[in-house]
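Below is one structure; the comments refer to it alone.
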Amino acid sequence: SESANEYTDDEDASWKVRRASAKCLSAIIVSRPQMLSKMYQEACPKLIDRFREREENVKMDIFNTFIELLRQTGNVTKGQGDIDESSPRWLLKQEVPKVVKSINRQLREKSIKTKVGAFSVLKELVVVLPDCLADHFGSLVPGIEKALNVSGFYFLCSFLCRIYVCFNSLSILYRTNLLPPT
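Those letters in the sequence shown? Residues 282 to 463, per the working numbering, in order.
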């Protein structure tokens, strides 16, 4: 929780530094794919921690930076296994529980923009590691159900379609009661 005497964003320009840092990190991720393992070891945990950023525009930049990390991982490791403990894929797999926990917090936020960003992260995550949410999907259900109440929530539908493709069946949606039994 934030202390009562903390600066407001009007008085505190540090959000600009956080935003610039996210954009700089994104540029490094895109331009230096050979550094992905180092990014997972040093930057990934900090990015996940920053999902709780209070300034929404900065939070979106952080989500986008994480999505770039995921995309680069997919591009660089396409067709590779994740047996090597220094591979970006293996390192990402170790971060999945922390990502899910942090994203779950974001799904409880009121902001639709935040929810869209959170689902975008999850969608890209299952593109790179198709089975990674199998053990965590149940914990995401409350946030998904809450988002279903928002009309026109395209990103949620897109995420659920990606889940369906990754699991190749609707069984997970039935098991978690997102779809009624037939």
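Each residue gets a CB set at the ideal place from its N, CA and C atoms; glycine is no exception.
- In chain order, 296, 299, 300 place their CB closer than 6 angstroms to the CB of residue 339, counting only its own chain and leaving out the 5 sequence neighbours on each side.
- Distance from residue 399 to residue 410 at the Cβ level is roughly 17 angstroms; contact not present, criterion being Cβ atoms closer than 8 angstroms.
- Apart from sequence neighbours up to five positions away, the residues of its chain that approach residue 306 with a beta-carbon distance below 7 angstroms are 324, 346, ordered along the chain.
- Of 351, 294, 341, the smallest CA-CA separation from residue 310 is found for 351.
- When rounded, the separation of the alpha-carbon atoms in residue 320 and residue 426 is 33 angstroms.
- Straight across, the Cα-Cα distance linking residue 423 with residue 381 is about 13 angstroms.
- For the options 335, 302, 370, 332, the alpha carbon positioned closest to that of residue 317 is the one of 370.
- With a cutoff of 8 angstroms on beta-carbon distance, residue 342 and residue 294 are scored as not near each other.
- Minimum Cα-Cα distance from residue 417 among the listed residues 393, 376, 397 corresponds to 376.
- Taken through DSSP and simplified to helix, strand or coil, residue 360 comes out as coil.
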